[in-house]
Ligand SMILES: [Zn+2]
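Residue numbers (the working numbering): 31 to 267.
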């Protein structure tokens, strides 16, 4: 699905979005789904200029290790998520025990089951990440905005010339752990620190971007400030 000029959104496993941005230097992927998303990129994988991750959860770094191994593709990882990108654990420490959510919510069981299948098949971690911070020059003119909370190092990525903001999982419009929709934080089962995440919403609003694309759910076209306000109101399950 085309979400902005030269920007395509892909959905892997019916759960997680990743994006292909056409740039003068070649296509740049923002996030990389589960490893199964390799099928969606494979015919263009050798052209990839880079993969830029918003954060290093396993459902976002998916095909990055494969592209790196096969084509030497650079994989940009937020500095404070580098440990996570190299960590073989399926999920980093979250605010609440995922098990509680798995017992309570069928969608949580679904994401773990699909995740375990997808990762079990091809799962690897990023061996040679390129760490980045806010202010660093990134491929494709992406501008990093430090938005910690979902993970310690989470970044939103702004493309001002296309009036588009990749918010990663700072805000989602579908919580795959509960199936709730509308701008919100992702469930505490998958969030490092909710208070920190809430504070990062101001930084999202400050971009003034018209269109927001998210790690989970449909694009939001009513502006960054409205999305941030709605997410603050809804909070995290
Ligand atoms: Zn995540």
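Every residue gets a Cβ at the ideal spot worked out from N, C-alpha and C, and that includes glycine.
Bear in mind that the values here come from a model prediction, so they are computed numbers and not experimental data.
No Cβ-Cβ contact shorter than 8 Å links residue 166 with residue 267.
For residue 47, the uninterrupted beta strand (DSSP E) segment begins and ends at 46-51. Taking the CA atoms as reference points, residue 35 sits about 39 Å from residue 126. In the three-state reduction of the DSSP assignment, residue 86 falls in the coil class. Per DSSP, reduced to three states, the secondary structure at residue 63 is coil, with no helix or strand assignment. By the rule of a C-beta closer than 5 Å to any heavy atom of ligand 1, the residues picked out are 87, 199. Here the region 210-220 makes no contact with the region 100-113; the two share fewer than three CB pairs at distances below 8 Å.
Membership of residue 219 in any alpha helix (DSSP H) is not indicated, and neither H nor E is assigned to it by DSSP. In this structure, residue 215 keeps its C-beta atom at 8 Å or more from the C-beta atom of residue 258. Between residue 249 and the set 198, 264, 236, 178, the nearest pair of CA atoms involves 198. Looking at 239, 246, 263, 262, the one whose alpha-carbon comes closest to that of residue 253 is 239. For residue 232, there is no enclosing beta strand (DSSP E); the residue is found in the alpha helix (DSSP H) stretching over 224-236.
Going by C-alpha positions, residue 41 is about 4 Å away from residue 47. Close CB contacts of residue 94 within its chain, under the 6 Å cut and outside five residues either way in sequence, are with 62, 81, 105, 156 (chain order). Counting only runs of at least 4 residues, the region 87-113 fully encloses the following alpha helix (DSSP H) elements, listed from N- to C-terminal order: 88-91, 94-101. Taking the Cα of residue 174 as reference, the smallest distance to any Cα among 233, 68, 137 is reached at 233. The straight-line gap separating the alpha-carbon atoms of residue 185 and residue 159 is approximately 15 Å. Beta-bridge partners of residue 162 (DSSP): 108. For the options 37, 98, 112, 141, the alpha carbon positioned closest to that of residue 209 is the one of 141.
Per DSSP, reduced to three states, the secondary structure at residue 42 is strand. Classified as buried, residue 144 has 16 or more neighbouring CB atoms from the shown chains inside 10 Å of its CB. Restricting attention to 71, 86, 192, the CA atom closest to the CA of residue 79 is found in 71. In the DSSP assignment, residue 186 falls within the unbroken beta strand (DSSP E) covering 185-189.
As a beta-bridge residue in DSSP terms, residue 58 pairs with 51, 80.
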